[in-house]
Every structure is written in structure tokens, then in C-alpha cells.
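Peer 1: Using the working numbering, the letters of the sequence shown correspond one by one to residues 15 to 291.
We put the CB at the ideal spot given by N, CA and C, even for glycine.
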Amino acid sequence: MKKVVLMMLAVAFSSAIFAQESLYPESPYDKPHMSENKPKVKQHIRYADVMWSKQIERTLPLREKMNHPLYFPNNETGKIGSRYSLTAFTIDAVEKGLIFAYDPLSDGAVPITQDDFKAKMGASIDTIYIEDDYGNETAKVIENQVQPSSVKFLILKEEWVFDKQRSVMDPRIMWVTSLREFEKEGEIRKSLPFKIYFAQAEPYLAKQEAFNPNSDGDQKSFYDLFSRRYFSSFISRENNVFNNREVSSYKFGIEQLYEAEKIKTFIFNFEHDLWEY
15 MKKVVLMMLA VAFSSAIFAQ ESLYPESPYD KPHMSENKPK VKQHIRYADV MWSKQIERTL
75 PLREKMNHPL YFPNNETGKI GSRYSLTAFT IDAVEKGLIF AYDPLSDGAV PITQDDFKAK
135 MGASIDTIYI EDDYGNETAK VIENQVQPSS VKFLILKEEW VFDKQRSVMD PRIMWVTSLR
195 EFEKEGEIRK SLPFKIYFAQ AEPYLAKQEA FNPNSDGDQK SFYDLFSRRY FSSFISRENN
255 VFNNREVSSY KFGIEQLYEA EKIKTFIFNF EHDLWEY
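#1: Name the two residues that bound the continuous beta strand (DSSP E) containing leucine 170.
#2: Considering just the uninterrupted stretch of the beta strand (DSSP E) at phenylalanine 245, what are its terminal residues?
#3: With distances taken between CB atoms, is the gap from serine 164 to glycine 136 smaller than 7 Å?
#4: Compare the Cα-Cα distances from serine 67 to each of Lys134, Phe131, Val182 and report the closest residue.
#5: Closer than 8 Å by C-beta to threonine 91: which residues in its own chain qualify, once you throw out the five before and the five after it? Chain order, please.
#6: What does a CB cutoff of less than 7 Å around alanine 220 pick up in its chain, not counting 5 residues either side in sequence?
#7: If you follow the beta strand (DSSP E) that threonine 191 is in, where does it begin and where does it stop?
#8: Taking three-plus beta-carbon pairs below 8 Å as touching, is the region 251 to 266 in contact with the region 66 to 80?
#9: Closer than 6 Å by C-beta to glutamate 145: which residues in its own chain qualify, once you throw out the five before and the five after it? Chain order, please.
#10: With distances taken from CA atoms, which of Ile210, Ile187, Tyr218 is nearest arginine 242?
#11: From the DSSP output, read off the bridge partner residues of glutamate 260.
#12: Have a look at the DSSP bridge pairing and note the partners of arginine 203.
#13: Starting from the Cα of glutamine 161, find the closest Cα among Val261, Glu285, Phe86, Leu74 and give me that residue.
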């Protein structure tokens with residue numbers, strides 16, 4: 015009988031503790047759990063319904079103010095509390111095998127190994143020799159970790175499709191390529207370490223919260239930022255007869271931005287001219 019009474023008291027005491035903790039919530043309202051989010055199911059597009067399509071590439075400068083929710087927090091560990099930068103989250107997901115990294119210089123889906131992935135993201139092991147007061151040299155091994163903050167740009171490969179069955183212009187992000195900018199031997203260098211297939215990464219991007227600079231009460235995921243197109247970018251390439259050359263190969267300086275706006279305006283006018291008012 016005493017054991018039963020003691021168990022009942024223990025349960026009552028623990029319940030009182032949990033009830034007391036609930037009196038001090040982190041927020042005056044309950045936030046939904048991002049872990050339950052799922053990407054929207056995309057409408058299947060039949061080839062017979064494709065009235066018009068165009069492939070383009072656009073570049074996202076992550077250090078632009080509008081793109082800060084994708085770039086920060088840019089600490090090297092990639093984590094502050096439960097928040098990641100997009101690159102740090104992608105690195106973590108690739109290392110866990112949730113998202114697959116592919117060779118950005120290949121036309122298709124050519125996977126890269128974990129070791130190649132880490133090396134391309136700046137991970138390395140260097141040996142330096144330190145001389146003491148007596149002239150003796152001692153070898154010291156320095157391990158350089160991957161550097162999420164070194165990814166300064168994203169390159170989105172998109173296909174814009176006008177679906178005549180639904181009468182909508184439907185832009186689809188196909189690939190996301192990271193572009194690193196880092197210093198080596200006193201020079202600023204750039205490289206393309208990896209790319210991911212956006213559709214494969216969507217379920218995981220939908221579960222990771224991104225910072226909303228406008229309101230803490232309006233939760234957005236990385237998937238929301240891309241699908242709702244909450245980012246700043248400029249068009250850097252379009253399909254053309256010149257082997258899909260980049261805009262930077264035939265326009266220079268401010269003319270590159272004018273050419274990018276010209277391509278964007280063409281797509282807007284094409285959709286606009288399909289309607290009668």
C-alpha cells in the first residue's frame with residue numbers, strides 16, 4: 015500500500031513540475047512544428063500542354079540584403095540554436111546522406127564522394143613546422159573544416175513553362191549550384207564545389223526554418239523562400255544558338271545587368287501578351 019501511495023505522489027509531483035513549466039512558455043502563442051511541413055505536390059506537366067518553355071540560369075548573391083535569410087548565420091559551425099544558414103544546412107544534410115551532392119561541371123547527375131565534397135568545400139589537413147627557441151622544428155597538423163560562409167553565390171537552373179491546359183506560367187527550379195569565393199595564396203578565387211537536385215532536396219528544405227526579418231510570428235522554411243521566390247537575383251544565362259553562352263561572355267559591367275533585365279522583361283511580356291483585356 016505504501017508503494018502505491020509513493021508512486022501516486024511521484025506522479026503528482028512530476029505532473030506539478032510539468033504544469034509549472036507550462037506556466038512559463040517561450041512565446042505567448044504556440045508555433046507550428048516545422049518538422050511536419052511538406053512541400054506542395056507539383057502539377058504534372060504533359061508535353062502536349064507545353065505551349066512555350068525557356069531554360070535560364072539566375073545568380074543569387076547571398077550577401078545582398080534580401081538574401082540574408084539564406085546566408086546567415088554564417089558561423090563556421092553553421093548552427094545557432096536550431097537555425098542554420100542554407101549552405102550549412104545543405105552540408106549537414108549531405109553528410110547525413112539526406113541530400114545528394116553532384117558534380118556541378120557535369121551535364122547530368124554525376125554524384126561526388128563525401129571526401130570530394132568536403133575537399134571542394136575547403137576541408138583539408140595541412141602540416142606546418144614551428145621552430146622553438148633552440149632551432150628545433152616541430153611538425154604541427156592543422157585541420158581545416160568545411161567553410162559554409164565561403165559560398166557567396168547560388169546559381170539556379172530553371173525552366174519556365176507555359177502550360178496551356180492550366181493557362182499558367184510555371185517556373186520550375188531544377189538544379190541549385192553553389193559558388194565559393196575564398197582566399198588562397200593571397201588571391202581571391204572562385205570554384206563550383208557541388209550542385210543539388212532541387213526536387214530531391216525539397217522535403218528537407220521544407221522542414222528547416224529560415225529567419226523572417228519582417229515577423230517572428232510568420233514562420234518560413236527554405237522551401238518557402240524558393241517556391242514563393244523571396245530572393246534577389248539576376249539572369250546570368252539563357253538557352254540560345256550560341257551554345258547557351260553566359261551573359262558575361264558578351265556583355266560587360268553594367269551592360270550585363272541591362273541584358274539580364276532584357277531577358278526577364280521578354281519572359282514577362284510573353285506571358286502578358288497571351289491575355290486579352
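Peer 2: On the basis of the coordinates in this document:
#1: The residue given as residue 170 occupies position 156 in the sequence shown. Looking at the DSSP string, the run of the beta strand (DSSP E) that includes leucine 170 is 165 to 177.
#2: As a first step, residue 245 is located in the sequence shown; it is residue number 231 there, counting from the start. Careful: phenylalanine 245 lies outside any beta strand (DSSP E) and carries neither H nor E.
#3: Taking the first residue of the sequence shown as 1, we reach residue 164 at position 150. Taking the first residue of the sequence shown as 1, we reach residue 136 at position 122. For serine 164 and glycine 136, yes; Cβs fall inside 7 Å.
#4: Reading the sequence shown from its first residue, position 53 is the one you call residue 67. The candidate whose alpha carbon is nearest that of serine 67 is Val182.
#5: Looking up residue 91 in the sequence shown gives position 77. In this prediction, threonine 91 scores a pLDDT of 48, lower than 50, which makes its location untrustworthy; no coordinate-derived value is stated.
#6: In the sequence shown, counting from the first residue as 1, residue 220 sits at position 206. Asn51, Lys52, Pro53, Ser235, Tyr237, listed in sequence order.
#7: Translated into positions along the sequence shown, residue 191 becomes position 177. Counting along the chain, the beta strand (DSSP E) containing threonine 191 begins and ends at 182 to 198.
#8: yes
#9: Residue 145 sits at position 131 when you count from the first residue of the sequence shown. Glu151, listed in sequence order.
#10: Residue numbering aside, residue 242 sits at position 228 when the sequence shown is read from its first letter. Cα-wise, what sits closest to arginine 242 is Ile187.
#11: Counting from one through the sequence shown, the residue named residue 260 turns up at place 246. DSSP, once it has assigned bridges, lists Arg251 as partnering glutamate 260.
#12: Position 189 of the sequence shown, counted from the first residue, corresponds to residue 203. The partner list for arginine 203 (beta bridge, DSSP) reads Phe196.
#13: Taking the sequence shown and counting its residues from 1, one reaches residue 161 at position 147. When only C-alpha atoms are compared, the closest one is Phe86.
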